[in-house]
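Student: When the count follows our numbering, it moves up by one through the sequence shown with no breaks and lands on 500 for the last residue.
C-beta: ideal position from N, C-alpha, C; glycine also.
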Amino acid sequence: MQFRGLRSHLRIPFARAAAAGGLLALLSHGPALAAAPPKPASRPVTPISYHRQIWPILQARCQGCHQPASPGGKLVVTSFADLMRGGEHGVAVVANKPDASAVLDYLTGKKTLMPKGGPALPDADIALFRQWIAQGAKDDTPAVKDPIDAKHPPTYLAPPVITALAYSNDGTVLAVSGYREILLHHADGSGLVARLVGDAQKIQSIVYSQDGKLLAAVGGSPARFGEAQFWNTADNTLIKAVPVGFDTLFGAALSSDGKRLSFGGADNSVRVITVPDGKEVMRLDNHSDWVLSTAFSTDGKNVLSTGRDEAVKLTLVEGGSFVDDINTHLTPIRCMAKNPKADQVLVAGDDGIPRLYQIYRTKPRTMNQEDHNLLRAYPKQPGVVSAVAFSRDGAYIATGTESGVVNIYKTDNGGPAESDKPVIGGKPLASLGGAEGAIFAIAFRPDGGQVAVAGLDGIVRLYTLPTGALAKAFVPVPIRPSVRSARK
Numbered sequence: 013m014q015f016r017g018l019r020s021h022l023r024i025p026f027a028r029a030a031a032a033g034g035l036l037a038l039l040s041h042g043p044a045l046a047a048a049p050p051k052p053a054s055r056p057v058t059p060i061s062y063h064r065q066i067w068p069i070l071q072a073r074c075q076g077c078h079q080p081a082s083p084g085g086k087l088v089v090t091s092f093a094d095l096m097r098g099g100e101h102g103v104a105v106v107a108n109k110p111d112a113s114a115v116l117d118y119l120t121g122k123k124t125l126m127p128k129g130g131p132a133l134p135d136a137d138i139a140l141f142r143q144w145i146a147q148g149a150k151d152d153t154p155a156v157k158d159p160i161d162a163k164h165p166p167t168y169l170a171p172p173v174i175t176a177l178a179y180s181n182d183g184t185v186l187a188v189s190g191y192r193e194i195l196l197h198h199a200d201g202s203g204l205v206a207r208l209v210g211d212a213q214k215i216q217s218i219v220y221s222q223d224g225k226l227l228a229a230v231g232g233s234p235a236r237f238g239e240a241q242f243w244n245t246a247d248n249t250l251i252k253a254v255p256v257g258f259d260t261l262f263g264a265a266l267s268s269d270g271k272r273l274s275f276g277g278a279d280n281s282v283r284v285i286t287v288p289d290g291k292e293v294m295r296l297d298n299h300s301d302w303v304l305s306t307a308f309s310t311d312g313k314n315v316l317s318t319g320r321d322e323a324v325k326l327t328l329v330e331g332g333s334f335v336d337d338i339n340t341h342l343t344p345i346r347c348m349a350k351n352p353k354a355d356q357v358l359v360a361g362d363d364g365i366p367r368l369y370q371i372y373r374t375k376p377r378t379m380n381q382e383d384h385n386l387l388r389a390y391p392k393q394p395g396v397v398s399a400v401a402f403s404r405d406g407a408y409i410a411t412g413t414e415s416g417v418v419n420i421y422k423t424d425n426g427g428p429a430e431s432d433k434p435v436i437g438g439k440p441l442a443s444l445g446g447a448e449g450a451i452f453a454i455a456f457r458p459d460g461g462q463v464a465v466a467g468l469d470g471i472v473r474l475y476t477l478p479t480g481a482l483a484k485a486f487v488p489v490p491i492r493p494s495v496r497s498a499r500k
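Here's what the structure looks like:
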């Protein structure tokens with residue numbers, strides 16, 4: 013009875029305590045009747061990778077407006093260092109402090125919503141930024157050793173597209189563009205002299221100084237950087253490589269005194285820099301499309317530039333004041349060459365008609381936009397003209413097309429223009445065939461006895477003038493047999 017009463021007495025409080033989760037408290041002075049439930053294990057924090065997760069978003073959604081050539085808000089996001097440097101509104105990222113990081117204010121729309129003019133980033137992407145900043149905004153970009161350098165030049169399984177050729181002043185060396193290098197060959201094509209290896213993936217233009225002591229080249233790695241290179245021709249060593257902008261450079265020209273280099277770019281700009289330190293002394297942003305060619309006036313006081321926007325622009329080097337469009341806009345222009353003996357330029361492009369212009373206007377511009385500076389037009393070529401060149405004495409021109417045809421003309425072919433009607437030249441002195449695909453580079457040997465031609469098929473062809481007979485054709489790079497070919 014006493015036992016029964018005790019059980020009855022404890023029944024109600026025990027049930028209430030258990031229901032309230034207080035069983036252990038009720039029995040704290042007696043034996044435990046049940047174990048406490050296990051605590052859930054904490055999940056490990058997954059580190060957010062800048063290189064794999066943050067940078068791809070910046071590259072895809074932000075880099076278009078925030079890169080070196082067009083730094084919106086003076087903010088550049090093409091590298092970790094640039095992002096952390098911030099812009100005109102201050103620091104963009106404050107490590108460990110997402111709420112103090114301006115980049116999140118813009119991505120979330122707390123301030124002006126970015127990306128500007130486009131859809132907002134998905135919430136998941138914004139969350140990645142927030143977590144990355146909260147974790148310390150660390151840079152985990154891997155260090156990659158460049159396998160290519162002067163001691164380890166590029167290897168080739170096939171001839172590369174050739175975009176530039178230039179003869180040394182004494183005519184003994186022919187410089188040829190390759191992948192990340194300039195290959196120096198004996199002018200007769202008998203063998204390599206040297207390989208000048210740099211960082212730019214593509215060399216778009218090569219030019220020797222008039223004293224022959226320096227070789228300049230421009231190019232770059234598309235959508236990454238542009239580069240101007242200066243090489244000492246005495247020992248074939250690099251004097252300096254100058255990074256310029258975020259994309260490829262084109263159309264290099266040296267002033268007659270060799271102290272300044274001009275070039276255009278895929279950012280629609282024209283620049284003039286000092287040689288060899290690379291200090292920018294002029295920049296023109298008046299073009300509305302890629303600038304593919306530049307040239308200096310004979311006295312070096314003006315620079316000419318042209319490209320896909322159809323304009324041939326004349327600009328003062330000192331001060332960068334735009335002077336004039338010397339042509340009527342007729343066609344996108346792919347190439348331009350300066351007459352070494354006169355203030356004239358030869359331009360050509362999509363419509364296939366090479367045109368010779370005088371640099372300085374002698375008649376006032378009118379509303380009718382007459383092509384007053386046009387001296388003469390040459391016959392329409394069989395396709396888009398992708399390369400032009402003058403002989404060293406200015407007496408001959410060469411035109412190369414995307415169809416692979418190269419024609420040689422006398423510069424004054426057909427006689428001088430009368431009134432406003434240019435004389436159309438007659439038949440070419442020589443028509444050079446054999447190339448498979450587009451021609452991108454033409455160079456006359458200084459003595460005028462030979463012309464070098466190259467392009468899409470990766471073969472350099474040397475033609476004897478004035479007959480146009482093929483003297484030699486050679487692949488300018490060493491070709492390594494593929495594994496498949498070796499097995500055969």
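#1: Using CA coordinates, which residue listed in Gly224, Thr306, Ser300 is at the minimum distance from glutamate 322?
#2: Between the Cα of alanine 246 and those of Asp200, Leu133, Val185, spot the shortest distance and give me the residue it belongs to.
#3: Measuring CB to CB, does alanine 464 end up less than 8 Å from leucine 477?
#4: Using DSSP's beta-bridge definition, name the partner residues of alanine 349.
#5: For a minimum of 3 consecutive residues, which ranges assigned as the beta strand (DSSP E) are wholly contained in the region 425 to 486?
#6: Just to confirm my understanding: we take isoleucine 436, look at its own chain, exclude 5 residues before and 5 after, and list those with CB closer than 8 Å. What are they?
#7: Going by C-alpha distance, which of His384, Met348, Gly290, Ile345 is nearest aspartate 336?
#8: Name the residue from Thr306, Ala410, Asp269 whose alpha carbon lies nearest to the alpha carbon of threonine 423.
#9: Determine the direct distance from the alpha carbon of glycine 470 to that of glycine 445, and round the result to whole angstroms.
#10: By DSSP's criteria, threonine 340 is part of a beta bridge. Which residues make up the other side?
#11: Based on Cα-Cα distance, which residue from Pro110, Thr124, Ser217 lies nearest to phenylalanine 141?
#12: When the Cα of isoleucine 66 is compared with those of Gly84, Asp152, Ala114, which residue comes out closest?
#13: For leucine 208, write down the residues that DSSP places opposite it in a beta bridge.
#14: Give me whichever residues DSSP pairs with alanine 399 in a beta bridge.
#15: Counting only the same chain and skipping the five closest in sequence on each side, list residues whose C-beta sits under 8 Å from that of aspartate 259.
#16: If you count every other CB in all the chains shown that lies within 10 Å of the CB of alanine 155, and 16 or more means buried, which is it?
#17: Would you call tyrosine 372 buried or exposed, if buried means 16 or more other Cβ atoms sit within 10 Å of its Cβ?
#18: Using alpha carbons as the reference points, say which of Cys347, Gly406, Val230, Thr249 lies closest to valine 284.
#19: Leaving out five residues before and five after serine 221 in sequence, what residues of the same chain have Cβ atoms less than 6 Å from its Cβ?
#20: Could you check what DSSP says for arginine 272 in three-state terms: helix, strand or coil?
#21: Need the endpoints of the alpha helix (DSSP H) that leucine 116 sits in, please.
#22: Quick check: the region 160 to 173 against the region 59 to 78, are at least 3 beta-carbon pairs closer than 8 Å?
#23: For my contact list, valine 400 and alanine 360 are in at a C-beta cut-off of 8 Å; report their separation, rounded to the angstrom.
#24: If the criterion is Cβ atoms closer than 8 Å, does the pair glycine 406 and asparagine 339 meet it?
#25: Can you give me the C-alpha to C-alpha distance between leucine 38 and valine 57, rounded to a whole angstrom?
#26: Tell me where the beta strand (DSSP E) around asparagine 243 begins and ends.
#27: Where do the ends of the alpha helix (DSSP H) carrying glutamine 143 lie?
#28: Quick check on this structure: which residue in Leu204, Val293, Ala72, Tyr62 has the alpha carbon closest to the alpha carbon of alanine 93?
Tutor: To lay it out plainly:
#1: Ser300
#2: Val185
#3: no
#4: Leu358
#5: 442 to 444, 451 to 456, 462 to 467, 472 to 476, 481 to 486
#6: Arg388, Ala389, Tyr390, Pro391, Gly426
#7: His384
#8: Ala410
#9: 15 Å
#10: Threonine 340 pairs with nothing; no bridge assigned.
#11: Pro110
#12: Asp152
#13: Ile194
#14: Gly412
#15: Ala81, Gly232, Pro234, Ala235, Arg236, Phe237, Gly238, Gly277, Ala278, Asp279
#16: exposed
#17: exposed
#18: Val230
#19: Leu266, Gly270
#20: strand
#21: 114 to 119
#22: no
#23: 5 Å
#24: no
#25: Only weak support exists for where leucine 38 lies, its pLDDT of 39 falling under 50; the coordinates are left without a value.
#26: Looking at the sequence shown, residue 243 is not asparagine but tryptophan. Segment 237 to 244, the beta strand (DSSP E) holding tryptophan 243.
#27: 135 to 146
#28: Tyr62
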